[in-house]
Each structure stands twice: as C-alpha cells, then as structure tokens.
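Peer 1: Below: one structure in structure tokens.
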Amino acid sequence: MMAEYNETELLICIAARQMADNTTAFIGTGIPMLAAALAKKMHAPNLVPVFEFGGIGASLEKLPLGVGDSRTFHKAVAATGICDMMETAARGFIEYGFLGGAQIDMYGNLNTTIIGEKYWPPKVRLPGSGGANEVGSFCWKTIVIMRQHDKKRFVKKLDFLTTPGYLTGPGAREKAGLPPNTGPYRVVSNLGLMGFEEKTKRMILLATNPGITVQQVLDNTDFAMLVADKVVENEPPSEEELRILRTEVDPDRLYI
Amino acid sequence: MNVLESGVSELFVKPDIWNFRDWVHKNKHQAMTEKLMTEQEAVAKFVADGDSLGTELYGTVRAPMSLTREIIRQGKKHLKVAGQGITEIDFLLAADLVDTLDITYVAWEVYGISNILRRAVESGRVKTADWSNGAMAWRFKAAAMGVPFIPVLSMLGTDTFRYSAAKIVECPFTGQKVCLLPALFLDVGLIHVHRADKYGNCQIEGISGFAHELARASKKLIVSAEEIIDTEEIRKYPEHTIIPYYLVDAVVHAPFGSHPGEMCYRYWRDEEHLKNFLEDSKDPAKTKAYLDKYIYGVKNHEEYIKLIGMDRLKKLQAMIGGR
Numbered sequence: 007m008m009a010e011y012n013e014t015e016l017l018i019c020i021a022a023r024q025m026a027d028n029t030t031a032f033i034g035t036g037i038p039m040l041a042a043a044l045a046k047k048m049h050a051p052n053l054v055p056v057f058e059f060g061g062i063g064a065s066l067e068k069l070p071l072g073v074g075d076s077r078t079f080h081k082a083v084a085a086t087g088i089c090d091m092m093e094t095a096a097r098g099f100i101e102y103g104f105l106g107g108a109q110i111d112m113y114g115n116l117n118t119t120i121i122g123e124k125y126w127p128p129k130v131r132l133p134g135s136g137g138a139n140e141v142g143s144f145c146w147k148t149i150v151i152m153r154q155h156d157k158k159r160f161v162k163k164l165d166f167l168t169t170p171g172y173l174t175g176p177g178a179r180e181k182a183g184l185p186p187n188t189g190p191y192r193v194v195s196n197l198g199l200m201g202f203e204e205k206t207k208r209m210i211l212l213a214t215n216p217g218i219t220v221q222q223v224l225d226n227t228d229f230a231m232l233v234a235d236k237v238v239e240n241e242p243p244s245e246e247e248l249r250i251l252r253t254e255v256d257p258d259r260l261y262i
Numbered sequence: 002m003n004v005l006e007s008g009v010s011e012l013f014v015k016p017d018i019w020n021f022r023d024w025v026h027k028n029k030h031q032a033m034t035e036k037l038m039t040e041q042e043a044v045a046k047f048v049a050d051g052d053s054l055g056t057e058l059y060g061t062v063r064a065p066m067s068l069t070r071e072i073i074r075q076g077k078k079h080l081k082v083a084g085q086g087i088t089e090i091d092f093l094l095a096a097d098l099v100d101t102l103d104i105t106y107v108a109w110e111v112y113g114i115s116n117i118l119r120r121a122v123e124s125g126r127v128k129t130a131d132w133s134n135g136a137m138a139w140r141f142k143a144a145a146m147g148v149p150f151i152p153v154l155s156m157l158g159t160d161t162f163r164y165s166a167a168k169i170v171e172c173p174f175t176g177q178k179v180c181l182l183p184a185l186f187l188d189v190g191l192i193h194v195h196r197a198d199k200y201g202n203c204q205i206e207g208i209s210g211f212a213h214e215l216a217r218a219s220k221k222l223i224v225s226a227e228e229i230i231d232t233e234e235i236r237k238y239p240e241h242t243i244i245p246y247y248l249v250d251a252v253v254h255a256p257f258g259s260h261p262g263e264m265c266y267r268y269w270r271d272e273e274h275l276k277n278f279l280e281d282s283k284d285p286a287k288t289k290a291y292l293d294k295y296i297y298g299v300k301n302h303e304e305y306i307k308l309i310g311m312d313r314l315k316k317l318q319a320m321i322g323g324r
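So the protein sequences, as listed, match chains A and B.
Take the first sequence: its position 153, counted from the start at 1, is 159 in the numbering used here, and no numbers get skipped.
Take the second sequence: its position 190, counted from the start at 1, is 191 in the numbering used here, and no numbers get skipped.
As structure tokens, then:
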C-alpha cells in the first residue's frame, strides 16, 4: 500500500530529488531548507548547502528557521559573511540556487516584492528580494519552488520583476549583462515539474504529480505553458522519504 | 562613463567620500578611550532625529534588540532605515519612527510576511527603495573601501534595479553592462556582538553577516555586547577582532541583547515570544499593547530582562546546543 502524504511533503520530496550529491546549492528560506535537509539524509550526503549570511556546508541536522540562524553553520566547514557568499556565486562557483516566489512568469522571472500595479504605495507589500536577486543572477542553475500552482501565481505578467529568470526570452539575460549560460533550470510546484525549453527559454511541463493531469496544469497556468513530448509522472514520496521528513527534518511540523 | 539606465528612487544621501573622511578624521579617536555606557546614554548621545540607521545581523539572529528598544523609548523619529530585518524593523515601523526604507527583505522567513511592514508601506506612511541583500552589503562595502560606488553584476534586468537608486553603465574595459551601487554611508550603525572590551574591540562568533562592512560604513557606531571582557583577552585572539576600537563610539553591555532573537553558541531564539508578537502584529491595537508592555513599559534593558525572566532565558541557553 502506498503511504499517505500531503501536498507539501510531495513538493519537498520532489525538490530534494533535484539536488545532486557533491554539488553546491545556494539555499533560500522556506521549503528549499527542508528539501536540502532531506536530500542530505537521502541521496546527497555530500551536498554542500550555502546560506547567504555565511554558512557553508552545514550538517542540517536541525532545520534552520532562517537563512542566518546558527543551524545554517552548525558543523559547517566555514562561517563567513554575506559579501563572501554573494561573491562566491558571482565568481561562478555555485551550481544550484533554490528559490521561492509569489509570482512566476513563463521565462522563470520571479516576484517577491509587491502585488498590484503601482510600486508605491503598493496594494500588497511583500518581503522584497532578500538574496534572491543574486541567487537568480549568479547560480548556474536556479530551481524555483512554488507551493501553489494557480493562475494568480503562474502569471502572464509579473507585477514586479524581483529576480531575473530568462527576462524577455533567448539572449535577454546576456543582453542585460548577466552571466552567460545561467538561469532557471526547474520549477517544482504542487502540480508538477517544469523545465525551460532550450530554444525559446519558455517554461515547459516535464512531469505531473501523482493524480494530476496535463490539462490541470495548463488550466492553472495563466500563460501558455509548453508541454514535453512525453510527460512522465513524478514518483510519490517513498516511505523512507516520508519517515525522514517527518521524524528528522521537520519533527516540529513547522512546514508539513 | 555613459550612464545607460538609472534607478528611480532617491538616495538617503549622496555618497560623499570627502565628507566621510573628514568625519572619520575628526570624530574617531585614534587613541584607545573608554566607551562603556548604558543604552540610554549611547542612544541619547549618538542617535538623532532624521538619522540614517542600519542594524546587523537581523531580527532573529544576533540583532541589536536592546538598542532598538531604547531608540523606541527615546522616540528618535524620521529615521531612514537601511537593510533587512524582522523584529527590529517591525518594532521601529510599529512605533512610527521611520520615514524611508532602503529595503531588501523585511519578513518572518518561516512564518511569512510582515503585517507591520504591510500597514506602514501600503498606507503610504513609509517610502521605500528596493535593493537586494547582496547590493546592500556591497553598498556598505563601498563605503568601507572609501569609494563612492562599487560595480557589481547583480540587480541587472530587473525591477529591483529600476526601483533602486543604482545606475547601469558600460564597463570602460570590457564594454559589458555593469550595475554601479552607490556607497551607503550611515549616520548610525548598531551591531550586537559576543565579546567586546571597554574600548570597543569586538569579537563575533559564527557567521559575521555584514558586521565588517556595516561597522566601517557608519559615522557613529554603537555596539552592544553579551560580555565585556578584558583587553588582555582580546589581545590573546586578535585574529577574532572583526571590529577594532577605532570604529566604535559606544560600547553597551547587553546580556541577552538579541532577545527574542538568538545568539549563536549562547542562546536560541524565543519561539514562543516571537510567535506571540507575530500574532499581535496582525492587529494595530495589539501591536501597540506589545510595545507598551515590552518597550515603553520598562525603563531599560535590565528591566526588560526581568520582565522576560531568567528562568525562561536559561531555557533558551540550554536549547542552543553545542558546536
């Protein structure tokens, strides 16, 4: 019998599976922290989590509650500062960047700043960029985690472009002065797993989550989502993943 | 150099390096002088209405909370506040002391967005300019370097750039686009550290965030410390001194000075207190009641510690765990 799980648990498992062993990953606040902790306890024990305020290679035995708290450098190999971390990404060293957002468009651009048409005073003020802009600008492959896949969040036009994806399409990042061959790589949502088509840099559906149809993904996306020739179905969380997630990663159930 | 694009927001102040040099020369003592004082003395002496102000690290992590509470008690107003944070920025905004924010991130991470920030900015009470975390740290770094700007490759192509006060130019060496960040010289910097001596030599454990940069970008720097130690101790481990005495104007002894946030290797964050405040922050009247109880209702940090209670603080110490 398949284990029961909720959407957030599934999301964390799928995000964790995107993290490769023996690589560096710039970890943003929230779900990416859980995914990194799970990945380290599953298939990627040598994953090196990088946190913007200076933690490098923490054990992640306990779940950080913020990107600067002491758990982000517990048993780490180094505890430096924000300039060093951002500069390490700027020099081209950090492989993956993990981010979340309130809105995403078809080029993987992200909004975490305001909702509404006017910058100031805004209809809704969100937190702001934080370190996301640097993560999205400098990491080779950015993976975005979106907890809720719907038309308000997967939008045609962002209310505010906080963090660069492929901007307006092929060549736009380079034209803006961003490093070549960088940009969004995957989007993990509660409905499926998306990538970006090589030629057009547009978001493309690669896999649906268990029980979700391709049509459901398209119906919940405001822009025209591309669909891969062969859309596969993501594996549900295994019993082992769920056990580790519930008993070791987030025993206090802050997220799950 | 050709300016290709300019962010639309205003700077707190033009990055005037000559002015800063003069300030440093006239005001920073070259001799080691004693600077120990209380929060009340430090804030009264070194924080003025209308000052630009930066804090380090942030809200729940090694934050200068006792100094922030004292600024609120003394009602220093029309502040221009730089950077990111949680509780410290929420407190200042809730007390209605802020006119302008150079914002990178104000929110509760795990627990979501800031209700207080929303009310302050959406009502039009507080003006904002947006920056990224890297950009703010690099702006302090530029100030620390004694240069008027620093070229970086972040914020390019985004609205974060557009609503900042940065500029994009063509690199005179390569022709590529670079973003120039204006140095941010602060009137006042507040930093909470693990150990300091009476002269202001400071040592921090764990990550250093942007303490190095902010300390060097501040005209007036107030440091609070968990522990005041002998200078002999500092001299045994000089490589751990991230802020030497000559950057510091006031040293305040503030055990549990980061409460309700954490202090690495000393005490863990006060989850219950933070959650209660977050709940209170949803309602303006309850927010005010919180400020009344924990800030206006106590005379100083000592009384605050009594109000929180040593039993509770000892539990937080036990929760931090080892290295």
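Ideal Cβ positions, reconstructed from N, Cα and C, are used throughout, including at glycine.
Keep in mind that this is a model prediction, so the values were computed, not measured.
Please report the Cβ distance between V161(A) and D228(A), rounded to the nearest whole angstrom; I am assuming they are in contact, meaning their Cβ atoms lie under 8 Å.
Peer 2: By one-based count along the first sequence, residue 161(A) stands at place 155. By one-based count along the first sequence, residue 228(A) stands at place 222. Right, the Cβ-Cβ distance comes to about 5 Å (below 8 Å), so this counts as a contact.
Peer 1: Just to confirm, are E318(B) and Y266(B) a CB contact at a threshold of 7 Å?
Peer 2: For this step, residue 318(B) is matched to residue 317 along the second sequence. For this step, residue 266(B) is matched to residue 265 along the second sequence. The sequence as given places Gln at residue 318(B); Glu does not occur at that position. In this structure, Y266(B) does not lie closer than 7 Å to Q318(B) by Cβ.
Peer 1: With a cut-off of 7 Å, does the C-beta of N139(A) fall near any C-beta of chain B?
Peer 2: Here residue 139(A) corresponds to residue number 133 of the first sequence, with the count starting at 1. Closer than 7 Å: yes.
Peer 1: Select from the stretch 122 to 145 of chain B all residues with a C-beta closer than 8 Å to any C-beta belonging to chain A, and list them in chain order.
Peer 2: Flagged, chain order: V122, E123, S124, G125, K128, T129, D131, W132, S133, N134, G135, A136, A138, W139, K142.
Peer 1: Only counting the same chain, and skipping five residues up and downstream in sequence, which positions put a Cβ closer than 8 Å to that of P173(B)?
Peer 2: By 1-based counting over the second sequence, the position of residue 173(B) is 172. M2, listed in sequence order.
Peer 1: As an exercise, report each continuous alpha helix (DSSP H) stretch of at least 4 residues that is fully enclosed by the stretch 137 to 181 of chain B, in chain order.
Peer 2: For the stretch 137 to 181 of chain B, whole alpha helix (DSSP H) runs of length 4 or above, ordered along the chain, are 160 to 163.
Peer 1: Restricting to Cα atoms, I'd like to know which of F21(B), T101(B), R140(B), M66(B) is closest to G125(B).
Peer 2: Translated into positions along the second sequence, residue 125(B) becomes position 124. G125(B) has its Cα closest to that of T101(B), out of F21(B), T101(B), R140(B), M66(B).
Peer 1: Using the beta-carbon of each residue, which ones in chain B are nearer than 8 Å to M92(A)?
Peer 2: Translated into the one-based positions of the first sequence, residue 92(A) becomes position 86. Chain B residues near M92(A): N134, G135, A138, W139, S155.
Peer 1: What are the boundary residues of the beta strand (DSSP E) that R74(B) is part of?
Peer 2: Position 73 of the second sequence, counting from 1, holds the residue named residue 74(B). Per DSSP, R74(B) belongs to no beta strand (DSSP E); it is in the alpha helix (DSSP H), 66 to 74.
Peer 1: By the three-class DSSP mapping on this structure, what secondary structure does L37(B) have?
Peer 2: Position 36 of the second sequence, counted from the first residue, corresponds to residue 37(B). Strand at L37(B).
Peer 1: Would you list the residues sitting across from H254(B) in a DSSP beta bridge?
Peer 2: Position 253 of the second sequence, counted from the first residue, corresponds to residue 254(B). For H254(B), which the question treats as bridged, DSSP gives the partners A226(B).
Peer 1: Consider the Cβ of G175(A): report whether some Cβ of chain B lies at a distance smaller than 7 Å.
Peer 2: Along the first sequence, one-based indexing puts residue 175(A) at 169. By this cut-off, G175(A) is not an interface position.
Peer 1: I'd like the list of long-range same chain contacts for P133(A), defined as Cβ closer than 7 Å, with 5 residues on each side in sequence excluded.
Peer 2: Position 127 of the first sequence holds residue 133(A). Cβ within range, chain order: T118.
Peer 1: Got a sec? Which residues, its chain only, sit under 7 Å from K178(B) by beta carbon, not counting five neighbours each side?
Peer 2: In the second sequence, residue 178(B) corresponds to position 177, counting from 1. Hits under 7 Å: L5, L157, I169, E171.
Peer 1: I want to see whether chain A comes within less than 7 Å of I104(B), judged by CB atoms only; does it?
Peer 2: Position 103 of the second sequence, counting from 1, holds the residue named residue 104(B). Closer than 7 Å to some Cβ of chain A, the Cβ of I104(B) qualifies, so yes.
Peer 1: Against chain E, which members of the stretch 155 to 169 of chain B pass a CB distance test of less than 9 Å?
Peer 2: Looking at the structure shown, chain E is missing, and the protein chains on hand are A and B.
Peer 1: What is the DSSP secondary structure of D91(B), counted as helix, strand or coil?
Peer 2: Reading the second sequence from its first residue, position 90 is the one you call residue 91(B). If DSSP states are grouped into helix, strand and coil, D91(B) belongs with the helices.
Peer 1: Are the beta-carbon atoms belonging to G36(A) and S209(B) less than 7 Å from one another?
Peer 2: Working through the first sequence from its first residue, we reach residue 36(A) at position 30. Working through the second sequence from its first residue, we reach residue 209(B) at position 208. No, the Cβ-Cβ distance between G36(A) and S209(B) is not below 7 Å.
Peer 1: Hey, would you say L181(B) sits closer than 7 Å to L68(B), going by beta carbons?
Peer 2: Translated into positions along the second sequence, residue 181(B) becomes position 180. Translated into positions along the second sequence, residue 68(B) becomes position 67. Cβ atoms of L181(B) and L68(B): not closer than 7 Å.
Peer 1: Taking just the CA atoms, how far does H195(B) sit from A121(B)?
Peer 2: On the second sequence, residue 121(B) is found 120 positions in, with the first residue counted as 1. On the second sequence, residue 195(B) is found 194 positions in, with the first residue counted as 1. If I take the Cα positions, the gap works out to 32 Å.
Peer 1: Checking contacts by CB at 7 Å: is C89(A) closer than that to chain B?
Peer 2: For the purposes of this step, residue 89(A) is taken as the residue at position 83 of the first sequence. Interface residue, yes.
Peer 1: State buried or exposed for K221(B), treating a residue as buried only when at least 16 other CB atoms are found within 10 Å of its CB.
Peer 2: Taking the first residue of the second sequence as 1, we reach residue 221(B) at position 220. So K221(B) counts as buried.
Peer 1: V1(B) and D75(A): beta carbons closer than 7 Å?
Peer 2: Outside the shown range of chain B, which is 2 to 324, sits residue 1(B), and nothing can be said about it.
Peer 1: What residue range is occupied by the uninterrupted alpha helix (DSSP H) comprising V25(B)?
Peer 2: For the purposes of this step, residue 25(B) is taken as the residue at position 24 of the second sequence. Segment 18 to 28, the alpha helix (DSSP H) holding V25(B).
Peer 1: Answer yes or no: do V153(B) and A197(B) have a C-beta to C-beta separation smaller than 7 Å?
Peer 2: In the second sequence, residue 153(B) corresponds to position 152, counting from 1. In the second sequence, residue 197(B) corresponds to position 196, counting from 1. Not closer than 7 Å, so no.
Peer 1: Quick check for students: name the residue ranges of the alpha helix (DSSP H) that lie wholly in the stretch 174 to 207 of chain A, counting only runs of 4 or more.
Peer 2: Here the runs fully enclosed are 178 to 182.
Peer 1: Just reading off the beta strand (DSSP E) that K289(B) is part of, what are its end residues?
Peer 2: Counted from its first residue, the second sequence places residue 289(B) at position 288. No beta strand (DSSP E) holds K289(B); the alpha helix (DSSP H) holding it covers 285 to 292.
Peer 1: Mapping the DSSP letters down to three states, classify T101(B) as helix, strand or coil.
Peer 2: Looking up residue 101(B) in the second sequence gives position 100. Here T101(B) sits in strand by DSSP.
Peer 1: Whole alpha helix (DSSP H) runs in the stretch 194 to 221 of chain B with 4 or more residues, listed along the chain?
Peer 2: List check, alpha helix (DSSP H) in window: 212 to 218.
Peer 1: Report yes if the C-beta distance between L69(A) and P243(A) is below 7 Å; otherwise report no.
Peer 2: Sequence index remark: in the first sequence, residue 69(A) carries index 63 (1-based). Sequence index remark: in the first sequence, residue 243(A) carries index 237 (1-based). Contact flag unset, no.
Peer 1: Given that W146(A) touches chain B, what residues does it touch there, using C-beta distances under 7 Å?
Peer 2: The sequence position of residue 146(A) within the first sequence is 140, counting from 1. Per Cβ cutoff of 7 Å: no residues; W146(A) is ~14 Å from chain B at best.
Peer 1: Which term fits W19(B), buried or exposed, when burial requires 16 or more other beta carbons within 10 angstroms of its beta carbon?
Peer 2: Counted from its first residue, the second sequence places residue 19(B) at position 18. That one is exposed.
Peer 1: Among the residues of its own chain, which have a CB less than 8 Å from the CB of L292(B), if the five just before and after it don't count?
Peer 2: Position 291 of the second sequence, counting from 1, holds the residue named residue 292(B). Around L292(B): I73, F92, A95, A96.
Peer 1: Could you check where the alpha helix (DSSP H) with F104(A) kicks off and where it finishes?
Peer 2: Position 98 of the first sequence, counting from 1, holds the residue named residue 104(A). F104(A) -> not in any alpha helix (DSSP H); beta strand (DSSP E) instead, spanning 102 to 106.
Peer 1: Have a look at T105(B), H260(B), F13(B) and flag the residue whose alpha-carbon is nearest the alpha-carbon of M137(B).
Peer 2: The sequence position of residue 137(B) within the second sequence is 136, counting from 1. When each option's Cα is compared against that of M137(B), the closest is T105(B).
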